[in-house]
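J.: Take a look at this one; I'll ask things after.
There are 2 protein chains.
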Amino acid sequence: METMIKDCEMVLGKEECAGSMKHVLDALYVLGGKWKLPLILSLIDGPKRFNEIQHDLKGISPKILANELKNLELNEFVERKVYATTPVTIIYEATEHSATLRKVLYELSVWGEAHREKIRNSMKR
Amino acid sequence: METMIKDCEMVLGKEECAGSMKHVLDALYVLGGKWKLPLILSLIDGPKRFNEIQHDLKGISPKILANELKNLELNEFVERKVYATTPVTIIYEATEHSATLRKVLYELSVWGEAHREKIRNSMKR
DNA sequence: GTAAGCGCTTTCCTTTAGGTAAGTACTATC
DNA sequence: GATAGTACTTACCTAAAGGAAAGCGCTTAC
Numbered sequence: 001m002e003t004m005i006k007d008c009e010m011v012l013g014k015e016e017c018a019g020s021m022k023h024v025l026d027a028l029y030v031l032g033g034k035w036k037l038p039l040i041l042s043l044i045d046g047p048k049r050f051n052e053i054q055h056d057l058k059g060i061s062p063k064i065l066a067n068e069l070k071n072l073e074l075n076e077f078v079e080r081k082v083y084a085t086t087p088v089t090i091i092y093e094a095t096e097h098s099a100t101l102r103k104v105l106y107e108l109s110v111w112g113e114a115h116r117e118k119i120r121n122s123m124k125r
Numbered sequence: 001m002e003t004m005i006k007d008c009e010m011v012l013g014k015e016e017c018a019g020s021m022k023h024v025l026d027a028l029y030v031l032g033g034k035w036k037l038p039l040i041l042s043l044i045d046g047p048k049r050f051n052e053i054q055h056d057l058k059g060i061s062p063k064i065l066a067n068e069l070k071n072l073e074l075n076e077f078v079e080r081k082v083y084a085t086t087p088v089t090i091i092y093e094a095t096e097h098s099a100t101l102r103k104v105l106y107e108l109s110v111w112g113e114a115h116r117e118k119i120r121n122s123m124k125r
């Protein structure tokens, strides 16, 4: 039962466990919010222009999209490429760094599905 | 680069990929917020009473704590045990289900730390 | 009987995330 | 010259999360 923390403390000591907690909270912070993950996945699916993304993620407003793109640029999930056509073409694409999310997203998805099933089963009794 | 989605689509088809996305968002939803994870970890560390938790998680208000405990009970992370002492003693403890978070938290922690390092390094250049 | 502790609840307030609508500066097309 | 598209920005509004302060019903201790 107490394996999570106990295992952690066996190897690391109490303070490093709190530290690892901080990293979890960091991760949840950069991935949190309504649009960050859908946006990253949309760009992993293929580079896109502003309006293409807006169309792909139905319901996002241009203000929010502009904000999220800036944020994802800062966190190096997304690169903004400007092409000197007339008029300029701006293309957003997912970076290699986005691909590092793979394992995390896989684990989250597996756990999320199992959890949903568990709660659903408890409910119907 | 596009391995995440491409791998997913090779095995599952586009709709199941969107489904797995939904599970990720579900997971982030049940774990999201300022106090849920600290609270779960505090109780995994050992069963506690209301005031003990409040002391352990410095800064949480009784209102928020009561809300979060109810929520975690619904999601079966926490069991509320009432002992018929005088006055009654109420003890919150983490369930076995809390332990299923282990892998997810580990992955989030590893990724979170690596991400932090990456961004920190980019900043100082 | 007064004070203090427990496990909360209630009320009110602030902050933040997110949404709506409109506008801007540019260019291309009819 | 009007219309439409691209990539945004600005101003304003709403809803939800979270925090602060006080109170409540209970009990034991002094």
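Chains as they are written, first to last, in UniProt numbering: chain E, 1 to 125; chain U, 1 to 125.
A virtual CB, placed ideally from N, CA and C, is assigned to each residue, including glycine.
Please read all numbers here as calculations on a predicted model, not as lab measurements.
(1) When the Cα atoms are used, what is the spatial distance from Glu107/U to Thr86/E?
(2) Are the CB atoms of Glu76/U and His97/U nearer to each other than 8 Å?
(3) Starting from Ala94/E, follow the alpha helix (DSSP H) in both directions and report where the run begins and ends.
(4) What three-state label does DSSP hand Glu79/U in the structure shown?
(5) Using a Cβ-Cβ cut-off of less than 7 Å, give me the residues of the region 56–81 of chain E that come near chain U, in sequence order.
(6) Counting only the same chain and skipping the five closest in sequence on each side, list residues whose C-beta sits under 8 Å from that of Tyr83/E.
(7) Quick check on Gly46/U: buried or exposed, where buried means 16 or more other Cβ atoms within 10 Å of its Cβ?
(8) Using 8 Å as the limit for Cβ to Cβ distance, is Ile91/E near chain U?
(9) Assuming Ala27/E and Trp111/U are in contact, meaning their beta carbons sit under 8 Å apart, how far apart are those beta carbons, in whole angstroms?
(10) Quick one: which chain U residues come within Cβ less than 8 Å of Leu39/E?
(11) Out of curiosity, what's the CA-to-CA distance linking Lys48/U and Ile53/E?
(12) In whole angstroms, what separates the C-alpha of Val11/U from that of Cys17/U?
(13) Going along the region 109–124 of chain U in order, which residues come within less than 9 Å of chain E, judged by CB to CB distance?
(14) What does Glu52/E touch in chain U if you count any residue whose Cβ is under 9 Å from its own?
(15) Does any C-beta atom of chain U lie closer than 8 Å to the C-beta of Lys103/E?
(16) Can you give me the start and stop residues for the alpha helix (DSSP H) that Lys118/E sits inside?
(17) Threshold first: 4 residues or longer. Then list the alpha helix (DSSP H) segments lying entirely within the region 24–73 of chain E, N to C.
(18) Report yes if the CB atom of Val78/E is closer than 8 Å to the CB atom of Ala66/E, and no otherwise.
(19) Grouping DSSP H, G and I as helix and E and B as strand, with all else coil, what is Leu12/U?
(20) For Ala84/U, does the three-state DSSP call read helix, strand or coil?
(21) Please report the distance separating the alpha-carbon of Leu25/U from that of Asn71/U.
(22) Verify the CB distance criterion: does Ala84/U have a CB-CB separation below 8 Å to chain E?
(23) Rounded to whole angstroms, what's the CA-CA distance from Ser122/E to Ala99/E? Just pull it up for me.
T.: Reading off the structure:
(1) Glu107/U and Thr86/E: Cα-Cα distance of roughly 45 Å.
(2) Yes, Cβ-Cβ distance for Glu76/U and His97/U is below 8 Å.
(3) Here Ala94/E belongs to no alpha helix (DSSP H); instead the beta strand (DSSP E) covers 89–94.
(4) Under the three-state reduction of DSSP, Glu79/U is assigned to strand.
(5) Listed in chain order, the positions of the region 56–81 of chain E with a beta carbon within less than 7 Å of a beta carbon of chain U are Asn75, Glu76.
(6) Correct list, in chain order: Thr89, Ile90, Ile91.
(7) Burial call: exposed.
(8) Not an interface residue.
(9) Taking a contact as a CB-CB distance under 8 Å, the pair Ala27/E and Trp111/U counts as one, their CB atoms being some 6 Å apart.
(10) Within chain U, no residue has its beta carbon less than 8 Å from that of Leu39/E; the closest one is some 12 Å off.
(11) Spanning the two alpha carbons is a distance of roughly 48 Å.
(12) Bear in mind that a pLDDT of 47 at Val11/U, under 50, signals an unreliable position, so the number given afterwards is only what the model happens to contain. Annotation: Val11/U to Cys17/U spans about 9 Å, alpha carbon to alpha carbon.
(13) Correct list: Ser109, Val110, Trp111, Gly112, Glu113, Ala114, His115, Arg116, Lys118, Ile119, Ser122.
(14) Within chain U, no residue comes near Glu52/E; the closest Cβ sits about 16 Å away, beyond 9 Å.
(15) Interface flag for Lys103/E against chain U is set, since a Cβ pair is found closer than 8 Å.
(16) Its alpha helix (DSSP H) spans residues 102–123.
(17) As far as the region 24–73 of chain E is concerned, its whole alpha helix (DSSP H) runs of at least 4 residues are 36–44, 50–56.
(18) For Val78/E and Ala66/E, no; Cβs fall outside 8 Å.
(19) Because the pLDDT of Leu12/U is 46, which lies under 50, any placement of that residue in the model is unreliable, and the question is left without a value.
(20) In the structure shown, Ala84/U sits in coil (DSSP, three-state: anything other than H, G, I, E or B).
(21) The alpha-carbon atoms of Leu25/U and Asn71/U are separated by roughly 17 Å.
(22) Interface residue (Cβ-Cβ distance to chain E less than 8 Å): Ala84/U is not classified as such.
(23) Their backbone Cα atoms lie some 36 Å apart in a straight line.
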